[in-house]
Structure formats: structure tokens, C-alpha cells
Amino acid sequence: MEIDPKKVRTQEDEDEPALIDQVEGRVEAEMKRIEGRAKERVAQGLQDKDLEREGRKLKEEGKRELEEQSKEIDEQHHKDQQS
Numbered sequence: 712m713e714i715d716p717k718k719v720r721t722q723e724d725e726d727e728p729a730l731i732d733q734v735e736g737r738v739e740a741e742m743k744r745i746e747g748r749a750k751e752r753v754a755q756g757l758q759d760k761d762l763e764r765e766g767r768k769l770k771e772e773g774k775r776e777l778e779e780q781s782k783e784i785d786e787q788h789h790k791d792q793q794s
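Residue numbers (this note's numbering): 712 to 794.
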């Protein structure tokens with residue numbers, strides 16, 4: 712049994728991100744969330760409202776990115792199951 716190269720579809724052909732890219736994005740988003748949480752806690756201890764605001768913003772941005780990536784993975788999984 713031979714594989715017909717004309718029938719092979721790559722991740723690039725399907726415009727599907729490589730798994731390593733998905734993991735890398737999740738790690739970056741999680742680090743942003745952790746950094747934001749740490750800044751927020753330090754700022755509260757120092758009573759620095761600007762740093763606290765910056766930390767909260769960073770934490771929320773990381774959380775939003777994680778949610779977006781999770782949604783993209785779910786959509787891709789659903790698409791793969793339909794194929």
C-alpha cells in the first residue's frame with residue numbers, strides 16, 4: 712500500500728497551527744497571567760495603585776489569551792472530528 716502524495720494534506724495546507732505553536736502560546740499567556748498576579752500582590756503590599764492596575768491588566772490579558780486559545784483548540788478539534 713502506497714501513500715499518494717497528491718492526497719496528503721499538511722497542517723500548512725489546512726492552515727492549522729502546529730501543536731508546538733499552540734503550547735508555546737498557552738505558556739506565554741499563562742506566564743503573563745502569573746506575572747500580573749504577582750505584580751498585583753506586590754503593589755497591594757506597597758500600596759502602589761498604578762502597579763496594581765498594571766498587574767490586574769496583565770493578569771486579565773493573560774486570562775483572555777488563554778480563553779481565546781482554548782476556544783481555537785476546541786473549534787479545531789470539532790473541525791477535525793467532522794472530517
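From the three backbone atoms N, C-alpha and C, an ideal C-beta is built for every residue, glycine too. In this text, all values refer to a predicted model and were calculated from it rather than measured experimentally.
About 6 Å separates the Cβ atoms of Leu769 and Lys750, confirming a contact at the 8 Å cut-off. For Val734, the closest of Lys760, Leu777, Gln792, Gln793 by C-alpha to C-alpha distance is Leu777.
Rounded to whole angstroms, the separation of the alpha carbons of Glu786 and Glu772 is 21 Å. In its chain, beyond the 5 residues on either side, Gln780 have a beta carbon closer than 7 Å to the beta carbon of Gly736.
Put simply, the backbone Cα of Val738 is about 20 Å away from that of His788. A distance below 8 Å between beta-carbons, with the five flanking residues on each side excluded, links Glu727 to the following residues of its chain, in chain order: Gln787.
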